[in-house]
Amino acid sequence: MSSLVTSSHTATPTPNVPLHPAASQGSAPASASGGATAMAASAAPTMTGVAPTMKSVLFYQPGDIRYEDIPTPKPGPGELLIRVRRALTCGTDLKAFRRGHPVLLKNLPSPFGHECTGEVVALGQGVDRFELGERVMVANSAPCGDCFYCHHDQPNLCDQLDLLNGAYAEYLKVPARIVEKNTLRLPPDVSDEAAAFCEPLSVCLRGIELCQISAGKRVLIIGIGAIGLLMARLAKLNGAQVVVLGRNALKRELADTFAQADAVVDVSSGIDAEAIKAAYTPEGIGFDVVIEAVGQPHTWQAALAMVRRGGLVNCFGGCESGTSIELDTRRLHYDEITLISPFHHTPRHVRHALAMIASGQLDPTPLITHRRPLSQVRQALRDVAEGQAVKVALYPDALFEATFFDEGPQQPAAVEG
Ligand SMILES: [Zn+2]
Ligand SMILES: [Zn+2]
Numbered sequence: 002m003s004s005l006v007t008s009s010h011t012a013t014p015t016p017n018v019p020l021h022p023a024a025s026q027g028s029a030p031a032s033a034s035g036g037a038t039a040m041a042a043s044a045a046p047t048m049t050g051v052a053p054t055m056k057s058v059l060f061y062q063p064g065d066i067r068y069e070d071i072p073t074p075k076p077g078p079g080e081l082l083i084r085v086r087r088a089l090t091c092g093t094d095l096k097a098f099r100r101g102h103p104v105l106l107k108n109l110p111s112p113f114g115h116e117c118t119g120e121v122v123a124l125g126q127g128v129d130r131f132e133l134g135e136r137v138m139v140a141n142s143a144p145c146g147d148c149f150y151c152h153h154d155q156p157n158l159c160d161q162l163d164l165l166n167g168a169y170a171e172y173l174k175v176p177a178r179i180v181e182k183n184t185l186r187l188p189p190d191v192s193d194e195a196a197a198f199c200e201p202l203s204v205c206l207r208g209i210e211l212c213q214i215s216a217g218k219r220v221l222i223i224g225i226g227a228i229g230l231l232m233a234r235l236a237k238l239n240g241a242q243v244v245v246l247g248r249n250a251l252k253r254e255l256a257d258t259f260a261q262a263d264a265v266v267d268v269s270s271g272i273d274a275e276a277i278k279a280a281y282t283p284e285g286i287g288f289d290v291v292i293e294a295v296g297q298p299h300t301w302q303a304a305l306a307m308v309r310r311g312g313l314v315n316c317f318g319g320c321e322s323g324t325s326i327e328l329d330t331r332r333l334h335y336d337e338i339t340l341i342s343p344f345h346h347t348p349r350h351v352r353h354a355l356a357m358i359a360s361g362q363l364d365p366t367p368l369i370t371h372r373r374p375l376s377q378v379r380q381a382l383r384d385v386a387e388g389q390a391v392k393v394a395l396y397p398d399a400l401f402e403a404t405f406f407d408e409g410p411q412q413p414a415a416v417e418g
């Protein structure tokens, strides 16, 4: 039987988060003035202050990533080169590190990492939306706008997403389509670290939008990695009563302090679906919405067991290819369960994520439990794998030195795992 721990955040109604923020927020067009035009006139980009080689983390095969010197890429027409200021570890990177990734990491050795912010240091031919020195966040894909899915308002399923990797490096070359559609200038008061959350937050914003959560709904979140914690926080901001299930003590603490869940349940000895329903739903009928944020078939199955009749299950965590679950057809039909499994983000959600961070509506930075220089990427992934860390912020080594050892007062949350 799970131990049921109720936190103090009982049913504090919070105003609904607008799901469609003003389109102008976080996506203001670049000013027409400045040096971009002069740069764009030349075919060969000027790379002032950019070293010819850079440190980069390359993925060779599962379990084998290397921190190496490689030539600094030069931006071609429509492309940008950014100097990475902050990269974040992600559960997807961890999965890819352990077992490879046929879609994400196609040609080996492959650049690695996909959540980052940086500073524009070179402009490819024709780029006039950005200027040198601007801070930007770069999403890891952009839809083509031309395929069947793009034409049917499902750009997250675009046939040509071409996922971008290479955030774990000193410099990142941004492909033209992402420059055009999914690179956003950072407002001055948004930190590099907070803005690096735009990618995972945009995925969560889309995931929560599809759950149609309104004030007072009872929402259960299974799994409290960074994604589960963000989903729990978003559900709270939408006014739901949120119960969270997790095994890891550090993350359960964040479910309380960061997500402000109404109840945090320790399921380290397994999920007792009936006991959880009995404890947290009227007459044990089950939750209005259940969100699975683990990515395991057995937790998908558990999610289906804890939803009420007429409720919605969001299987949000992607499972390993080739796995399957059993569906009780009677329950699905006669109990009228809605089952969704949203994937990825759209440009609208990326903009919404930045607007939300910039407005202070959601500060994701408490999820960063550790900060490390890029050269310690392996240790960073190990800490996440072992549940010692939630998100690790990686700094190019020189920036890490300058931030924590040259300038004095600001100290890392925890440099040692
Ligand atoms: Zn990610
Ligand atoms: Zn497309």
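Numbers in my numbering are just positions in the sequence shown, counted from 1, shifted up by 1. Yeah, the Cβ is synthetic: ideal placement off N, Cα and C, and Gly gets one too.
Query                                                                                                                                                             : Result
Quick one: does the C-beta of T366 sit closer than 8 Å to a heavy atom of ligand 1?                                                                               : no
If I follow the unbroken alpha helix (DSSP H) through Y281, where does it start and stop?                                                                         : 274–281
If you draw a straight line from the C-alpha of P63 to the C-alpha of L89, how long is it?                                                                        : 19 Å
Give every residue whose Cβ lies closer than 7 Å to any heavy atom of ligand 2, listed in chain order.                                                            : P144, C145, G146, D147, C148, Y150, C151, P156, C159, D160, Q161
Between D364, R309, K96, R383, which lies nearest to L202 when the distance is taken from Cα to Cα?                                                               : D364
Have a look at G323, G312, M55, C91 and flag the residue whose alpha-carbon is nearest the alpha-carbon of P74.                                                   : M55
Do you know offhand how far G388's Cα is from V268's?                                                                                                             : 15 Å
Name the DSSP beta bridge partners of H371, please?                                                                                                               : V393
For C117, which residues does DSSP report across the bridge?                                                                                                      : A88, V139
Since A276 contacts I225 with CB under 8 Å, what's their CB separation in whole angstroms?                                                                        : Wrong, their Cβ atoms sit about 19 Å apart, outside the cutoff.
Under three-state DSSP, which class holds C151?                                                                                                                   : helix
With respect to 8 Å, is the separation between the Cβ of G226 and the closest non-hydrogen atom of ligand 1 below this value?                                     : no
Would you say L115 touches ligand 1, meaning its beta carbon is less than 8 Å from a heavy atom?                                                                  : In the sequence as displayed, the identity of residue 115 is His instead of Leu. Checking the Cβ of H115 against ligand 1 gives yes.
So for N239, helix, strand or coil by DSSP?                                                                                                                       : coil
State the DSSP-derived secondary structure class of R186, mapped to helix, strand or coil.                                                                        : strand
Nearest-angstrom Cα distance between R186 and P348?                                                                                                               : 14 Å
Below 9 Å between beta carbons: does that hold for I222 and V245?                                                                                                 : yes
Nearest by alpha-carbon distance to A250: which of G240, G311, S270 is it?                                                                                        : S270
Determine contact between the segment 211–221 and the segment 181–195, defined as no fewer than three beta-carbon pairs at a distance below 8 Å.                  : no
Examine the Cβ distances between the segment 170–190 and the segment 106–122 and report whether three or more of them are shorter than 8 Å.                       : yes
Check whether the Cβ of A241 lies closer than 9 Å to any Cβ atom in chain C.                                                                                      : No chain C is present in this structure, which holds just one protein chain.
Please identify the residue among S360, E402, L158, I83 whose C-alpha is closest to the C-alpha of F344.                                                          : L158
Closest to R310 by C-alpha separation, out of L400, Q297, I338, G167, would be which residue?                                                                     : I338
Of all the options H353, D398, V393, which has the alpha carbon lying nearest to the alpha carbon of E69?                                                         : D398
Hey, could you find the ends of the beta strand (DSSP E) S57 is sitting in?                                                                                       : 54–62
S34: buried (16+ other C-beta within 10 angstroms of its C-beta) or exposed?                                                                                      : Because the pLDDT at S34 is just 37, under 50, the model does not fix this residue reliably, and the value given afterwards should be weighed accordingly. Counting Cβ neighbours within 10 Å, S34 comes out exposed, since fewer than 16 surround it.
Please list, in chain order, all residues of the same chain as A390 whose beta carbon is under 6 Å from its beta carbon, the five residues on each side excluded. : T370, H371, D384
Suppose you measure from the CA of H102 to the CA of C212; what does that come to, to the nearest Å?                                                              : 28 Å
What's the gap between the Cα of A294 and the Cα of N315?                                                                                                         : 9 Å
Starting from L340, trace the beta strand (DSSP E) in both directions and tell me its first and last residue.                                                     : 339–341
Consult DSSP for E402 and reduce its assignment to one of helix, strand or coil.                                                                                  : helix
Between which residues of its own chain and G167 is the CB-CB distance below 6 Å, once the five residues before and five after are set aside?                     : P112, L173
Alpha carbons only, please: which of Q377, V308, A303, A177 is nearest the one belonging to G285?                                                                 : V308
Buried or exposed: where does S142 fall if 16 or more other Cβ atoms within 10 Å of its Cβ makes it buried?                                                       : buried
Counting only the same chain and skipping the five closest in sequence on each side, list residues whose C-beta sits under 6 Å from that of F198.                 : P365
At a cut-off of 8 Å, is N141 close to ligand 1 when judged by its beta-carbon and the heavy atoms of the ligand?                                                  : yes
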